[in-house]
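In this note's numbering, the protein residues as written are 251 to 658.
Below is one structure, written out as structure tokens; the observations come after it.
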Amino acid sequence: MLRVVHGKAFVRQLYICSANVRGQLRYSPRYAFSTKLSGGTETQIRRQSRGPVLRYGTYQRRELGGIPTVLLPPVVFGGLVVALWTWKCCMMVLFQNKIIYMPGLPPNARRETIAEYNHQCSGIEWREESIRSLDGTKISLCVASVNDFDVSQGRMVYILYFQGNASSIPPRLPFLSPVLRMLRDRRVLDIPVRYTMVCCSYRGYWTSKGRPSEKGIALDAAASLDWIREDFLRHGGRPTDSIPVAIWGQSIGAGVATNLAAETHLFQESKPNLLLETLILETPFISVRAMLETLYPQKWLPYRHLWPFLWNHLDSSKALGVMSQRLKDANMESPNVILLEAEKDELIPKEHGKVLEKRCKDSGLNVEKKTIDGALHTEVMVRPEGRLVVVEAVEEVAQRRFTSSRGT
Numbered sequence: 251m252l253r254v255v256h257g258k259a260f261v262r263q264l265y266i267c268s269a270n271v272r273g274q275l276r277y278s279p280r281y282a283f284s285t286k287l288s289g290g291t292e293t294q295i296r297r298q299s300r301g302p303v304l305r306y307g308t309y310q311r312r313e314l315g316g317i318p319t320v321l322l323p324p325v326v327f328g329g330l331v332v333a334l335w336t337w338k339c340c341m342m343v344l345f346q347n348k349i350i351y352m353p354g355l356p357p358n359a360r361r362e363t364i365a366e367y368n369h370q371c372s373g374i375e376w377r378e379e380s381i382r383s384l385d386g387t388k389i390s391l392c393v394a395s396v397n398d399f400d401v402s403q404g405r406m407v408y409i410l411y412f413q414g415n416a417s418s419i420p421p422r423l424p425f426l427s428p429v430l431r432m433l434r435d436r437r438v439l440d441i442p443v444r445y446t447m448v449c450c451s452y453r454g455y456w457t458s459k460g461r462p463s464e465k466g467i468a469l470d471a472a473a474s475l476d477w478i479r480e481d482f483l484r485h486g487g488r489p490t491d492s493i494p495v496a497i498w499g500q501s502i503g504a505g506v507a508t509n510l511a512a513e514t515h516l517f518q519e520s521k522p523n524l525l526l527e528t529l530i531l532e533t534p535f536i537s538v539r540a541m542l543e544t545l546y547p548q549k550w551l552p553y554r555h556l557w558p559f560l561w562n563h564l565d566s567s568k569a570l571g572v573m574s575q576r577l578k579d580a581n582m583e584s585p586n587v588i589l590l591e592a593e594k595d596e597l598i599p600k601e602h603g604k605v606l607e608k609r610c611k612d613s614g615l616n617v618e619k620k621t622i623d624g625a626l627h628t629e630v631m632v633r634p635e636g637r638l639v640v641v642e643a644v645e646e647v648a649q650r651r652f653t654s655s656r657g658t
């Protein structure tokens with residue numbers, strides 16, 4: 251098996267077949283090279299072993315794309331890491347609605363009922379109201395009131411509550427009910443005031459239809475304000491009367507609350523005037539972008555750099571500035587802003603509260619920051635001092651509105 255090209259011999263691998271004394275055939279791989287042939291009837295070939303070869307075909311030594319063998323493991327490992335990062339980044343962008351909003355946690359969240367928690371609600375009677383959002387999506391509200399309308403003689407204060415990103419409204423009722431009970435039992439004013447709390451169940455949460463997103467939830471929040479207007483008129487309020495409202499948001503709900511406060515729904519002259527008296531932000535964060543940097547502080551990780559691909563921003567810092575400017579343009583009084591933070595918040599750093607406080611001061615808003623000692627992220631309303639802050643803020647609304655009107 252010799253090839254001669256331009257006078258040079260090239261060796262090719264052979265399988266040499268030879269017979270032993272018993273006549274059995276034996277195959278062995280050998281390399282043949284140029285030599286003289288001698289002998290009679292037998293052909294003699296000088297043979298030399300060249301080590302292990304493949305059983306089939308010609309043994310050829312190849313390199314993988316020119317990459318040295320020693321670099322092959324790190325190249326493969328690095329490629330897997332880059333592929334994993336790319337896959338996770340794509341998933342975080344594409345499924346950000348499901349990551350930010352978690353209406354299905356815990357698994358039975360959408361099947362819970364108000365009746366299951368009635369015995370834990372301090373005697374407060376909650377009811378479910380079904381309404382249509384601005385785009386026609388069916389959403390649900392949890393509503394409860396204290397003090398009869400006839401006794402309060404038209405003096406009403408509404409509390410619009412926006413929940414955090416997980417679970418549903420019913421499990422929160424045992425922690426919201428003490429706020430209404432304290433407003434009912436405390437006799438701060440010598441005149442009765444009817445307090446109504448309206449808890450908005452975002453689309454996709456509890457019994458609400460649809461899928462949650464920032465734009466969709468903004469429509470739900472605006473629809474909740476429209477329901478408050480209708481409820482006010484339904485109970486004998488006059489179209490020319492102002493409707494004092496305290497907007498209260500927890501965690502992601504704080505972003506929903508600030509977005510709503512910055513929208514024009516509060517400044518429509520064609521409808522009964524909603525008067526934003528107090529904005530309560532419980533465990534708020536600056537924005538989703540800021541939370542990305544908080545959750546992934548390492549600059550070498552790609553996840554914190556995904557903010558240009560966000561379509562959920564919940565930027566409370568920006569919304570507070572917009573709200574302040576629109577209030578000035580409408581010649582309306584600035585509401586009180588209460589920043590309610592947990593001392594041992596395991597999710598949101600204290601720097602977020604400091605930034606929001608500074609933002610309020612720079613925008614000319616009346617701001618007060620309260621820290622609940624020993625509370626974790628979801629424990630502010632579990633602590634009596636946390637509930638007291640909310641109660642006092644709402645009572646201040648009633649004092650400011652009805653004490654002055656009584657004097658006039």
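Every residue, glycine too, gets a C-beta built ideally from N, C-alpha and C.
The distance from the Cβ of ARG633 to that of VAL429 is about 12 Å, inconsistent with a contact at the 8 Å cut-off. Per DSSP, MET432 is not a residue of any beta strand (DSSP E); the alpha helix (DSSP H) it occupies stretches across 423 to 435. No Cβ-Cβ contact shorter than 8 Å links ALA471 with PHE425. CA-to-CA, the gap between LYS620 and THR387 works out to about 36 Å. DSSP lists ALA394, ILE409 as the bridge partner or partners of MET447. In this structure, LEU577 lies away from SER567, with their beta-carbon atoms at least 8 Å apart. For the 8 Å CB-CB criterion, ARG405 and VAL443 form a contact.
A distance below 8 Å between beta-carbons, with the five flanking residues on each side excluded, links GLU593 to the following residues of its chain, in chain order: THR621, ILE622, ASP623, GLY624, ALA625. In the DSSP annotation of this structure, the continuous segment of the beta strand (DSSP E) that includes ALA496 starts and ends at 493 to 500.
In the DSSP assignment, ILE536 falls outside any alpha helix (DSSP H), carrying neither H nor E. Rounded to the nearest angstrom, the Cβ distance from VAL630 to THR533 is 6 Å, consistent with a contact under 8 Å.
With respect to the 8 Å criterion, VAL617 and VAL587 are classified as neighbours on the basis of their beta carbons. Ranked by Cα distance from GLY414, the first of TYR452, MET582, TYR408, THR446 is TYR452.
Contact annotation: the stretch 469 to 484 does not touch the stretch 531 to 548, with fewer than three C-beta pairs closer than 8 Å. Going by DSSP, LYS620 is part of no alpha helix (DSSP H) but of the beta strand (DSSP E) stretching over 616 to 622. Of all C-beta pairs linking the stretch 487 to 494 to the stretch 555 to 564, fewer than three are shorter than 8 Å, placing the two stretches out of contact. Excluding sequence positions up to five before and after ARG436, its CB lies within less than 8 Å of the CB of VAL641, GLU645, all in the same chain and listed in chain order. Comparing alpha carbon positions, the residue from ILE349, ILE389, MET541, SER427 closest to TYR367 is SER427. In the DSSP annotation of this structure, the continuous segment of the alpha helix (DSSP H) that includes ILE350 starts and ends at 346 to 350.
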